[in-house]
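Trainee: Supplied in structure tokens, the structure appears directly below.
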Amino acid sequence: MISRSANSLCYSSTTILRFNTRYICSTSNTSSCSSWNTQLRELAKQGHYQKALYLYPQLLSSGASPNAFTFPFALKSCAALCLPVPGQQLHAHVIRTGCHSEPFVQTALMSMYCKCFLVENARKLFDESTYARRLTVCYNALIAGYTHNSEFCDAVLLFRRMRLLGVAVNSVTMLGLVPGCTVPLHLGFGMSLHCLNVKCGLDGDMSVGNCLLTMYVRCGSVWSGRKFFDEMPEKGLISWNAMISGYAQNGHANLVLDLYREMELKGVSPDPVTLVAVLSSCANLGASEVGMEVEQKIKRRGFGSNQFLQNALVNMYARCGNLVKAQAIFDDMPEKNLVSWTAIIGGYGIHGHGDDAVKLFDQMIDAGIRPDKTVFVSVLSACSHAGLTKRGLEYFDSMEKKYRLQPGSEHYSCVVDLLGRAGRLKEAQELIESMSGKPDGAVWGALLGACKIHRNVELAELAFERVIELEPTNIGYYVLLSNLYSETKYTEGILKVRVMMRERKLRKDPGFSSVEYGGRNHLFMAGDRSHPQTEEIYAMLNRLEDLAKETSERRKIDDDGGNSELVSCARVHSERLAIAFALMNTALGSRILVTKNLRVCTDCHIFIKLVSKIVDRQFVIRDATRFHHFQNGVCSCNDYW
DNA sequence: ATAGGGTTAG
1 MISRSANSLC
11 YSSTTILRFN
21 TRYICSTSNT
31 SSCSSWNTQL
41 RELAKQGHYQ
51 KALYLYPQLL
61 SSGASPNAFT
71 FPFALKSCAA
81 LCLPVPGQQL
91 HAHVIRTGCH
101 SEPFVQTALM
111 SMYCKCFLVE
121 NARKLFDEST
131 YARRLTVCYN
141 ALIAGYTHNS
151 EFCDAVLLFR
161 RMRLLGVAVN
171 SVTMLGLVPG
181 CTVPLHLGFG
191 MSLHCLNVKC
201 GLDGDMSVGN
211 CLLTMYVRCG
221 SVWSGRKFFD
231 EMPEKGLISW
241 NAMISGYAQN
251 GHANLVLDLY
261 REMELKGVSP
271 DPVTLVAVLS
281 SCANLGASEV
291 GMEVEQKIKR
301 RGFGSNQFLQ
311 NALVNMYARC
321 GNLVKAQAIF
331 DDMPEKNLVS
341 WTAIIGGYGI
351 HGHGDDAVKL
361 FDQMIDAGIR
371 PDKTVFVSVL
381 SACSHAGLTK
391 RGLEYFDSME
401 KKYRLQPGSE
411 HYSCVVDLLG
421 RAGRLKEAQE
431 LIESMSGKPD
441 GAVWGALLGA
451 CKIHRNVELA
461 ELAFERVIEL
471 EPTNIGYYVL
481 LSNLYSETKY
491 TEGILKVRVM
501 MRERKLRKDP
511 GFSSVEYGGR
521 NHLFMAGDRS
531 HPQTEEIYAM
541 LNRLEDLAKE
551 TSERRKIDDD
561 GGNSELVSCA
571 RVHSERLAIA
581 FALMNTALGS
591 RILVTKNLRV
601 CTDCHIFIKL
611 VSKIVDRQFV
621 IRDATRFHHF
631 QNGVCSCNDY
641 W
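The first sequence begins at 1 in UniProt numbering and counts up by one.
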């Protein structure tokens, strides 16, 4: 793959061509080179840029001389392959053959320079040209070039100048500008382009529509994006992909699956890009049934060798808890990249198999793969979940010393968690204070969580104060502190937290849980009665709660100081509805139950323990961060629950 | 005959 990073110009040695200029004569022989031009055009059009570039020296050595019809295709090939060296040689040939005053050739040259990250050269050509300042295409090439080189200001300046001089704007101008508006800072400008696009009657162009759609979703305006998508006069595969990926990137995994179904119903057939987004959403939802369906589709459609999809499959199976399958796919991959390793390491980490995660990380290093910040997050969190304190600290230390990677907040929060769980609260606190950057909410939150485990009220209050400054509306932290107060029987504290929450008008956000059943995802909100099987679900809930009460009276199994009243009074929780639904549908035969966004409040935690005791089954329950494997009412991860 | 563009994984 060709690197698009401006800092790492990448041209493989095999593709650098040495064109022999000896044969070029100044009087071009059009008739003899037209057949070469035809071949060149065909190759470039079909995307065989490599072959097209090999044809060029053959043309020279045959005695034919390149003309104004030759250069655009040859230059396009250099641009596509990001080969500035042959590109510059072609520029020399252009001058030598007297084609440099040809606007088509000039534009192709500019485009080539832009794609090869030599946007300065392109600008020089533009400024020196007598035609360029009047031609829309030249502006288009340069504007797109600036956008590609992350010099969006220059792109906008040039666009302003173009408007001022009255040069016509067309849809390709839009295609050069809109992709630069995919950050929230530029959204305002992007929306003005959207208006202009409509005003100029260019809104029939699907490509521009796709760019605008991408702009909205990447700026986080998914709803505007969806509205735009629904109103598009024509939707192509890329439009569907942009919308689906947009949902995926903004965390609306369920909407991804819904839209994917809709797409299938409309008879639009998905490509690897679609399926990558779908799999990533399956991973987030724990929807392995849909994931397996997608895997079949990948096989049927012959996408099996696509590395993006292989990585997405590994990630999906790993996150859904099927580590055997994930490992099998991972092992079968002929080429493993950093993303593949991160997926499998993270998978083992989430499920508490810290030893395996660590082993794989070391294997990755041995395989000569250079770790990045993301894979460190995976391995550090694996260590913290599995209690591998020493190992985790070693890795953390190696980040800077060995790999010159500056740890970010996300790494600090893992290490604070690591130290905190091990009871080394003081060290955790010192680590936070030693941070060069400003700690974020997650860092203080990790300390707060650790204080909760070790019942350190004093430090918890400090961590709470800090975390609330940073994330005043994150309800979880208030609940955490309140629970700590309740465990340490500090009633005044509980009241204090309640008052604080009331003053700030904080209410528990409408969390939801989901269960995958029958190839569909069923969402449950607190107190939700919208599900078609609501009656049965509540009946099941009643039965469970009766059983819970009975059992708790008979055996006094409430080992957490909770009581059966809690169980019945907080029945609106979405997790409970989800659990009831799953139990009902599988006639108590459910072995795996996957729910999302489970808030780990003491209350639900007791409920889940009771359920698994009552039905005498194994459960796998997923909260926002990890899986909890229940057997006989006990979770194997042994913490928190 | 000849130029400009959009969607992917941890």
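Ideal placement from N, C-alpha and C gives every residue a C-beta, glycine not left out. Computed from a prediction, not measured in an experiment: that's the story for all the values here.
1. What is the DSSP secondary structure of Phe104, counted as helix, strand or coil?
2. When we look at the beta-carbon of Ile329 and count the other beta-carbons within 10 Å, is it buried (16 or more) or exposed?
3. Relative to the C-alpha of residue 699, which residue among Leu523, Phe581 and Met243 is closest?
4. Over what stretch of residues does the alpha helix (DSSP H) that includes Pro66 continue unbroken?
5. Less than 7 Å separating the beta-carbons of Cys99 and Val105?
6. If distances are taken between C-alpha atoms only, which option among Gly225, Ser34, Ile365 and Ala277 comes closest to Ser245?
7. What's the C-alpha gap between Thr27 and Met112?
8. Mind checking Asn337: buried by the 16 CB within 10 Å criterion, or exposed?
9. Where do the N-terminal and C-terminal ends of the alpha helix (DSSP H) with residue 676 fall, by residue?
10. Run through DSSP, which three-state label would Glu536 get?
11. Please classify Asn483: does DSSP put it in a helix, a strand, or coil?
12. Using C-beta distances below 8 Å, list every residue in its chain close to His454, excluding the 5 sequence neighbours before and after it, in chain order.
13. Do you know how far the Cα of His385 is from the Cα of Lys51?
14. Using the Cα positions of Ala460 and Gly445, report the straight-line distance between them to the nearest angstrom.
15. Grab me the residues of Ser171's own chain with a C-beta within less than 6 Å of its C-beta, minus the 5 sequence neighbours each way, in chain order.
16. State the Cα-Cα distance for the pair Gln46 and Pro84, rounded to the nearest angstrom.
17. From which residue to which residue does the alpha helix (DSSP H) around Gly304 run?
18. Rounded to whole angstroms, what's the CA-CA distance from Lys505 to Glu471? Just pull it up for me.
19. Starting from Pro184, trace the alpha helix (DSSP H) in both directions and tell me its first and last residue.
20. Once the 5 residues before and after Asn140 are set aside, which same chain residues still bring their CB inside 6 Å of it?
21. Can the beta-carbon of Gly74 be found less than 7 Å from the beta-carbon of Tyr49?
22. Nearest by alpha-carbon distance to Val94: which of Leu81, Leu109 and Ile369 is it?
23. Just the Cα atoms here: how many angstroms apart are Ser340 and Glu128?
24. Once the 5 residues before and after Leu43 are set aside, which same chain residues still bring their CB inside 7 Å of it?
25. With respect to 6 Å, is the separation between the Cβ of Leu447 and the closest non-hydrogen atom of the ligand PLP below this value?
26. Going by C-alpha to C-alpha distance, which of Glu231, Ser288, Asp440 and Ser434 sits closest to Glu410?
27. Is it the case that the Cβ atoms of Leu418 and Leu448 are separated by a distance below 7 Å?
28. Which of the three DSSP states, helix, strand or coil, is assigned to Asn563?
29. Return the CA-CA distance between Met540 and Gly286, expressed in angstroms with no decimal places.
30. Going by CA-CA distance only, name the one from Ala248, Leu323 and Asn456 that's closest to Val488.
31. What's the gap between the Cα of Phe117 and the Cα of Ala92?
32. Thinking Val273 and Tyr247 are a contact (beta carbons under 8 Å), I'd like their distance in whole angstroms, please.
33. So what does DSSP say about Gln310, is it helix, strand or coil?
34. Quick one: give me the first and last residue of the alpha helix (DSSP H) that Gln249 is part of.
35. Please state the DSSP three-state secondary structure of Met174.
36. Could you compute how far the alpha carbon of Leu196 sits from the alpha carbon of Arg163?
Mentor: Taking the definition as stated:
1. Counted from its first residue, the first sequence places residue 104 at position 104. It is helical.
2. As a first step, residue 329 must be located in the first sequence, where it is residue number 329. Burial call: buried.
3. Here the chain covers residues 1 to 641 and nothing more, so residue 699 does not appear.
4. Translated into the one-based positions of the first sequence, residue 66 becomes position 66. Per DSSP, Pro66 belongs to no alpha helix (DSSP H) and is neither H nor E.
5. As a working mapping, residue 99 is identified with position 99 in the first sequence. As a working mapping, residue 105 is identified with position 105 in the first sequence. Cβ distance < 7 Å, so Cys99 and Val105 count as in contact.
6. Position 245 of the first sequence, counting from 1, holds the residue named residue 245. Comparing Cα positions, the closest option is Ala277.
7. Working through the first sequence from its first residue, we reach residue 27 at position 27. Working through the first sequence from its first residue, we reach residue 112 at position 112. With a pLDDT of 45 at Thr27, under the threshold of 50, the modelled position of that residue is not reliable, and no figure is offered here.
8. Walking along the first sequence from the start, residue 337 turns up at place 337. The residue in question, Asn337, is exposed, as its Cβ has fewer than 16 Cβ neighbours within 10 Å.
9. Missing from the structure shown is residue 676; the chain here goes from 1 to 641 and no further.
10. Position 536 of the first sequence holds residue 536. DSSP places Glu536 in helix when its eight states are reduced to three.
11. On the first sequence, residue 483 is found 483 positions in, with the first residue counted as 1. Reduced to three states, the DSSP call for Asn483 is helix.
12. Start at 1 with the first residue of the first sequence, and residue 454 comes out as number 454. Hits under 8 Å: Gly420, Gly423 and Leu425.
13. As a position in the first sequence, residue 51 is number 51, starting the count at 1. As a position in the first sequence, residue 385 is number 385, starting the count at 1. A straight-line Cα-Cα distance of about 52 Å links Lys51 and His385.
14. Residue mapping note: residue 460 aligns to position 460 of the first sequence, counting from 1. Residue mapping note: residue 445 aligns to position 445 of the first sequence, counting from 1. Cα to Cα, Ala460 sits roughly 9 Å from Gly445.
15. Here residue 171 corresponds to residue number 171 of the first sequence, with the count starting at 1. Within the same chain, Ser171 has close Cβ partners Leu202, Asp205 and Val208.
16. On the first sequence, residue 46 is found 46 positions in, with the first residue counted as 1. On the first sequence, residue 84 is found 84 positions in, with the first residue counted as 1. A straight-line Cα-Cα distance of about 21 Å links Gln46 and Pro84.
17. Within the first sequence, the letter at position 304 stands for residue 304. For Gly304, no alpha helix (DSSP H) encloses it, and the DSSP letter there is neither H nor E.
18. Indexing the first sequence from 1 puts residue 505 at position 505. Indexing the first sequence from 1 puts residue 471 at position 471. Cα to Cα, Lys505 sits roughly 14 Å from Glu471.
19. Residue 184 sits at position 184 when you count from the first residue of the first sequence. In the DSSP assignment, Pro184 falls outside any alpha helix (DSSP H) and carries neither an H nor an E.
20. Taking the first sequence and counting its residues from 1, one reaches residue 140 at position 140. Around Asn140: Val172, Thr173 and Gly176.
21. Here residue 74 corresponds to residue number 74 of the first sequence, with the count starting at 1. Here residue 49 corresponds to residue number 49 of the first sequence, with the count starting at 1. Checking the displayed sequence, the identity of residue 74 turns out to be Ala instead of Gly. The answer is no: Cβ separation not under 7 Å.
22. Taking the first sequence and counting its residues from 1, the one referred to as residue 94 is at position 94. Considering only alpha carbons, the answer is Leu109.
23. The residue labelled residue 340 in the question sits at position 340 within the first sequence. The residue labelled residue 128 in the question sits at position 128 within the first sequence. Near 48 Å, if we compare the C-alpha coordinates of Glu128 and Ser340.
24. In the first sequence, the residue the question calls residue 43 occupies position 43. Lys51, Ala52 and Leu55.
25. You won't find the ligand PLP in this model; it holds no ligand whatsoever.
26. What you label residue 410 is simply residue 410 of the first sequence in a count that begins at 1. Glu410 has its Cα closest to that of Asp440, out of Glu231, Ser288, Asp440 and Ser434.
27. By 1-based counting over the first sequence, the position of residue 418 is 418. By 1-based counting over the first sequence, the position of residue 448 is 448. It is not a contact, given that the beta carbons lie outside the stated cut-off.
28. Counting from 1 along the first sequence, the entry for residue 563 is found at position 563. Per-residue confidence for Asn563 stands at a pLDDT of 41, beneath the threshold of 50, marking its modelled position as unreliable; the derived number appears in the next sentence. Coil, per DSSP.
29. Locating residue 540 in the first sequence gives position 540, counting from the first residue. Locating residue 286 in the first sequence gives position 286, counting from the first residue. Approximately 23 Å between the Cα atoms of the pair.
30. Residue numbering aside, residue 488 sits at position 488 when the first sequence is read from its first letter. Sequence inspection shows Thr at residue 488; the Val mentioned does not correspond to that position. Of Ala248, Leu323 and Asn456, the residue nearest in Cα terms is Asn456.
31. One-based indexing of the first sequence puts residue 117 at position 117. One-based indexing of the first sequence puts residue 92 at position 92. Phe117 and Ala92 have their alpha carbons spaced roughly 18 Å apart.
32. Here residue 273 corresponds to residue number 273 of the first sequence, with the count starting at 1. Here residue 247 corresponds to residue number 247 of the first sequence, with the count starting at 1. Under the criterion of beta carbons closer than 8 Å, Val273 and Tyr247 do not qualify as touching, at roughly 13 Å.
33. Here residue 310 refers to the residue found at position 310 when the first sequence is read from its first residue. Gln310 sits in a helix when the DSSP states are folded into three classes.
34. On the first sequence, position 249 is the one that residue 249 refers to. From DSSP, the alpha helix (DSSP H) with Gln249 extends over Leu237 to Gln249.
35. Locating residue 174 in the first sequence gives position 174, counting from the first residue. DSSP places Met174 within a helical segment (H, G or I) once states are collapsed to three.
36. Here residue 196 corresponds to residue number 196 of the first sequence, with the count starting at 1. Here residue 163 corresponds to residue number 163 of the first sequence, with the count starting at 1. Straight-line Cα distance between these residues: approximately 12 Å.
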